[in-house]
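Enquirer: The structure is given below, and queries will be raised subsequently.
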Amino acid sequence: MAATFRGVSFDRLRALARKEFIQIRRDPRLAMTILVQPIVASLLIGFALNATVSQVRLGVADGSRTAESRDLVSALGESESFHLVGGYASSALLGTALGRGDLDAGVLIPVDFARDLERGRRPTVQVILNATNANTAAIAQGYAETILEDYNRRRRLDGAPAAPASGFAPAHSGSVQLQPAFLYNPGLVTSWFIVTGVFGLLMVLDTSIVASATMLRERETGTLEQLLMSPAGTTEIVLAKFAPLFALMCVMIVTVTAVLRLAFHVPFQGSLGLVWASAALCILCGIGIGTVIATFSRTAQQALLTAFFVNPSLVTLSGVLTPIEAMPRWLQPVTVISPITHFVTIARTALLKGGGLAELWPHVAALAVLTLVLLTLSVWRFRKQMA
Amino acid sequence: MSRIIAQARKELTQLVRDRRALVLALAVPVAQLFIMTSGISLSVNDLPIVVQDLDRSAASERLVDAFRSSITFHVVSWPDARQPEEALMAGAARAALVIPEHLGRDLARGRATPVQLLVDGSDANTAQLVSGYAQQVTRAYDSAEHGGGAGQVLAAVRLWFNPGRSSTRFYGPGIFVLVLSIFPALLASLAMSRETGQKTILQVYVSNISAHEFLLGKIAAFVVVAIAEGLLLAVVLRADFGVSLAGEPTAFLAGTALYLFCVVTFGTLIGAAIPEQAAAMQVVALFGYLLVFLLGGLIFPIENIPIPLRWVSNAVWGRYYIEIVRDAFLRGGGWAAVWPQIAAIAGIGGVFYTLAWSRLRRMQLAV
Chain A
1178 MAATFRGVSF
1188 DRLRALARKE
1198 FIQIRRDPRL
1208 AMTILVQPIV
1218 ASLLIGFALN
1228 ATVSQVRLGV
1238 ADGSRTAESR
1248 DLVSALGESE
1258 SFHLVGGYAS
1268 SALLGTALGR
1278 GDLDAGVLIP
1288 VDFARDLERG
1298 RRPTVQVILN
1308 ATNANTAAIA
1318 QGYAETILED
1328 YNRRRRLDGA
1338 PAAPASGFAP
1348 AHSGSVQLQP
1358 AFLYNPGLVT
1368 SWFIVTGVFG
1378 LLMVLDTSIV
1388 ASATMLRERE
1398 TGTLEQLLMS
1408 PAGTTEIVLA
1418 KFAPLFALMC
1428 VMIVTVTAVL
1438 RLAFHVPFQG
1448 SLGLVWASAA
1458 LCILCGIGIG
1468 TVIATFSRTA
1478 QQALLTAFFV
1488 NPSLVTLSGV
1498 LTPIEAMPRW
1508 LQPVTVISPI
1518 THFVTIARTA
1528 LLKGGGLAEL
1538 WPHVAALAVL
1548 TLVLLTLSVW
1558 RFRKQMA
Chain B
17 MSRIIAQARK
27 ELTQLVRDRR
37 ALVLALAVPV
47 AQLFIMTSGI
57 SLSVNDLPIV
67 VQDLDRSAAS
77 ERLVDAFRSS
87 ITFHVVSWPD
97 ARQPEEALMA
107 GAARAALVIP
117 EHLGRDLARG
127 RATPVQLLVD
137 GSDANTAQLV
147 SGYAQQVTRA
157 YDSAEHGGGA
167 GQVLAAVRLW
177 FNPGRSSTRF
187 YGPGIFVLVL
197 SIFPALLASL
207 AMSRETGQKT
217 ILQVYVSNIS
227 AHEFLLGKIA
237 AFVVVAIAEG
247 LLLAVVLRAD
257 FGVSLAGEPT
267 AFLAGTALYL
277 FCVVTFGTLI
287 GAAIPEQAAA
297 MQVVALFGYL
307 LVFLLGGLIF
317 PIENIPIPLR
327 WVSNAVWGRY
337 YIEIVRDAFL
347 RGGGWAAVWP
357 QIAAIAGIGG
367 VFYTLAWSRL
377 RRMQLAV
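Chains A and B are the protein sequences, given in the same order.
Residues 1178 to 1564 in our numbering are what the first sequence lists, from first letter to last.
Residues 17 to 383 in our numbering are what the second sequence lists, from first letter to last.
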């Protein structure tokens, strides 16, 4: 390695870097990609992708039509989680409405509901959920069960139906009362998870797209040969090519951080320096990925199709939008090869939980190793192509 | 008609000649469908949880056992000396259950006993699932301990259309749409922008082919490619994820034909408008990918999108096709359920075709 660095001249490096800067400045689309696109993308994704389950459309078939059953229905209707669409005369009608997709959930109250309650039996209320979307169904089930639990608690307390009241009633004797406390995000803001993921996604993907585009252009216009004929060595060309791109992409780190803070109010609990350093590593990874894609393809069409395969797969495998633990077992170990995986863990732990290097060093180390591997690979491919 | 077929044959020949691009055009969509359908899921079924049992009575052990034996949780060991919060910080667990001292004694005396559950809220959706599942476990524990009270309402939960709560059945069809939205459009736009970029369009202009024939030929060729891709994808969905058509397929087939026409026409339109391949590609990617992914209701419900953006989603063609495909694969509602969506796709496709035709109809270079 030392031998290759011997011939490096800083004058030539500076001249080549200046040429890259001028090229970048002349290309307005590139500036857009670096400045406008990250802001728009993080805002759009952060606001549009929202897993919150609220206002679940609920239909009720009340076979009992008594004070007790109406009390239960109004408890369901008053909750923020459900939106009471209407009552249905029979279970069959409720079923058709669910099948048509007019409802997300239905509650069937049996005919002998009130009588069973009076006699101290335990009537069963059917809660039917449209489980097409498994996630929404699971969360809606939790809501419905909590409301029923509150209803039961109120009955135990009063011995008779009372007006539906919100807030906590003391539990009945001898039961375990689970008290969930949500650490780090007491308001359960879903966008924090998404936008911290998008941060990593933008760093790696945007850089790789720009890097492969500049490489391909140089080759297609034939200016790569001109560079080769110049007295500059390959190391100089590679360094001069990557350094200005890296510097420009670092601007993006600051822009995205500002969007996270100002638009989404992400709490910055831990070390911002650690996050920025990891983001810088991500940019280097992006340069590596972009160069490798560009050098492996013969035409722009091939490079684009390859990028269209690599990028979404990387995003899927990185826990950007969905948790890695939700993936099948065999797929989970594969996620460590994506730099975005490590970055999002670092960003979430540091920004949201206030964690530091003590918890995060394995991810920082993995990111550094990946950067090294990708950069080595890209420099090797680049040299091979120029030889 | 014969000129349309000739034009379509020319396109296909050109595509087949670039072997690598052809392989990419057929293999990449399949690989992507496989990876994304396997990888995308919001329902975590194997949640690591730390349990700190400060009581160590028979009752508390039974509670711990209830969590240990549940399918959704797996209990990770964590030294009692360390704070349970540290496990959340280190990412070793999603939640920590802290059982207080005297739980067994208090329960035996008939007191309501609070048990704290610390949940990692940094992923809000999973946090909600964790607390819901944990409540189910403690509720089951309670009723097992003392049979529940008399005069209590029980809930019997029925999951319709997807009783196994499988995520792939929901996301698989969505990703099928995503992949079909992007690759055919991409190929069509690349072919069209190459024609304008390399000026071969001039040869078309001087020939006696009309704008309609030229467009229809081009579109037909890429619809054929898209149908091949779609068939491959459907086979993968069925073979690997067990997702297949429910109910009668004519509505789905009609919707698919119209949708592929719509997507390919969109690609052709962009290719005709933007002669530079990379730029055309970026526009197609923006609309095909980002909009379908973000505003099509692919992962997260459309109802959660804030209002002005939700209006935009009405113009996103992929959104309608997602509804058609989900209906066809999951509910099987047929024509009655999806005819408005099919009409919407036909309308949007018609607009794209008119735009593309009005751009090319003079068959002359724009001055």
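Beta carbons: idealized from backbone N, C-alpha and C, even for Gly.
Answer yes if the stretch 219-231 of chain B comes into contact with the stretch 295-305 of chain B, meaning at least three C-beta pairs across the two stretches below 8 Å, and no otherwise.
Expert: no
Enquirer: Counting only C-beta atoms, is E1402 of chain A closer than 9 Å to chain B at any point?
Expert: no
Enquirer: Return the CA-CA distance between M1380 of chain A and T1468 of chain A, expressed in angstroms with no decimal places.
Expert: 15 Å
Enquirer: Can you tell me whether P324 of chain B is helix, strand or coil according to DSSP?
Expert: helix
Enquirer: For the ligand ZN, I want to know if R1396 of chain A counts as a neighbour, meaning its beta carbon is within less than 8 Å of at least one of the ligand's heavy atoms.
Expert: This structure lacks the ligand ZN; in fact it carries no ligand of any kind.
Enquirer: Measuring alpha carbon to alpha carbon, tell me which of B:A74, B:I361, B:A204 ends up nearest P291 of chain B.
Expert: B:A204
Enquirer: Is the shortest distance between the beta-carbon of T1522 of chain A and the beta-carbons of chain B less than 9 Å?
Expert: yes
Enquirer: Rank A:V1302, A:A1208, A:A1269, A:G1399 by C-alpha distance to the C-alpha of L1253 of chain A and give the top, closest one.
Expert: A:V1302
Enquirer: Measuring only the C-alpha atoms, how far is L232 of chain B from L196 of chain B?
Expert: Going by the C-alpha atoms only, they are around 19 Å apart.
Enquirer: Just reading off the alpha helix (DSSP H) that T1412 of chain A is part of, what are its end residues?
Expert: For T1412 of chain A, the enclosing alpha helix (DSSP H) stretches over residues 1411-1439.
Enquirer: Any beta carbon from chain A within less than 9 Å of I87 of chain B's own beta carbon?
Expert: no
Enquirer: Between which two residues does the beta strand (DSSP E) carrying Q132 of chain B extend?
Expert: 129-136 is the extent of the beta strand (DSSP E) around Q132 of chain B.
Enquirer: Output the boundary residues of the beta strand (DSSP E) element that contains V1353 of chain A.
Expert: 1353-1360
Enquirer: Output needed for T53 of chain B: all residues of its chain with C-beta closer than 7 Å, excluding positions within five of it in sequence on either side, in chain order.
Expert: T184, Y187, G188, I191, F257
Enquirer: Looking at the structure shown, is Q1562 of chain A part of a helix, part of a strand, or coil, going by DSSP?
Expert: helix
Enquirer: Between the C-alpha atoms of R210 of chain B and L1382 of chain A, what's the straight-line distance to the nearest angstrom?
Expert: 25 Å
Enquirer: Which residues share a DSSP beta bridge with A111 of chain B?
Expert: B:I65, B:V135
Enquirer: Using a cut-off of 7 Å between C-beta atoms, extract the partners of S1490 of chain A located in chain B.
Expert: Q48, I51
Enquirer: Take every Cβ of the stretch 1231-1242 of chain A, pair it with every Cβ of the stretch 1277-1294 of chain A, and state whether three or more of those distances are shorter than 8 Å.
Expert: yes
Enquirer: Determine which residues of the stretch 1301-1322 of chain A have a Cβ less than 7 Å from any Cβ of chain B, and write them out in chain order.
Expert: T1301, V1302, Q1303, V1304, I1305, L1306, N1307, A1308, T1309, N1310, A1311, N1312, T1313, A1314, A1315, I1316, Q1318, G1319, A1321, E1322
Enquirer: If the cut is a Cβ gap below 8 Å, which residues of chain B does F1504 of chain A touch?
Expert: The amino acid at residue 1504 of chain A is misidentified as Phe; the sequence shows Met. Neighbours of M1504 of chain A on chain B, chain order: S54, G55, S57.
Enquirer: Using a cut-off of 7 Å between C-beta atoms, extract the partners of R36 of chain B located in chain A.
Expert: Q1479
Enquirer: Residues of chain E with CB under 8 Å from V1366 of chain A, in chain order?
Expert: Here the protein chains are A and B, and chain E is not one of them.
Enquirer: Residues of chain A with CB under 9 Å from I321 of chain B, in chain order?
Expert: The contacting residues are F1224, A1225, L1226, N1227.
Enquirer: Return the chain-ordered list of same chain residues with a C-beta closer than 7 Å to the C-beta of T1367 of chain A, the five sequence neighbours on each side being excluded.
Expert: N1227, A1228, T1229
Enquirer: If you draw a straight line from the alpha carbon of D1327 of chain A to that of V1304 of chain A, how long is it in whole angstroms?
Expert: 16 Å
Enquirer: Per the DSSP calculation, V1304 of chain A is bridged to which residue(s)?
Expert: Paired residues: A:V1284, B:V173.
Enquirer: Alpha carbon to alpha carbon, how far is L1212 of chain A from W327 of chain B? Give it in angstroms, no decimals.
Expert: 26 Å
Enquirer: Give the straight-line distance between the Cα atoms of M17 of chain B and A359 of chain B, rounded to the nearest whole angstrom.
Expert: The C-alpha of M17 of chain B lies about 26 Å from the C-alpha of A359 of chain B.
Enquirer: On the DSSP letters alone, give me the boundaries of the alpha helix (DSSP H) that R1234 of chain A sits inside.
Expert: Looking at the DSSP string, R1234 of chain A is not in any alpha helix (DSSP H); the run it does join, the beta strand (DSSP E), is 1233-1239.
Enquirer: Which partner residues does H90 of chain B have in the DSSP bridge list?
Expert: B:P64
Enquirer: What separation, rounded to the nearest whole angstrom, lies between the Cα atoms of K1418 of chain A and F1370 of chain A?
Expert: 34 Å
Enquirer: Helix, strand or coil, according to DSSP, for L1261 of chain A in the structure here?
Expert: strand
Enquirer: According to a CB-to-CB cut-off of less than 8 Å, which residues of the stretch 173-202 of chain B neighbour chain A?
Expert: V173, R174, L175, W176, F177, N178, P179, R181, S182, S183, R185, F186, I198, F199, L202
Enquirer: In the DSSP assignment, find the unbroken alpha helix (DSSP H) run with R375 of chain B in it and report its ends.
Expert: Unbroken alpha helix (DSSP H) run through R375 of chain B: 351-376.
Enquirer: Shorter than 9 Å from the beta carbon of Q1562 of chain A to some beta carbon of chain B?
Expert: no
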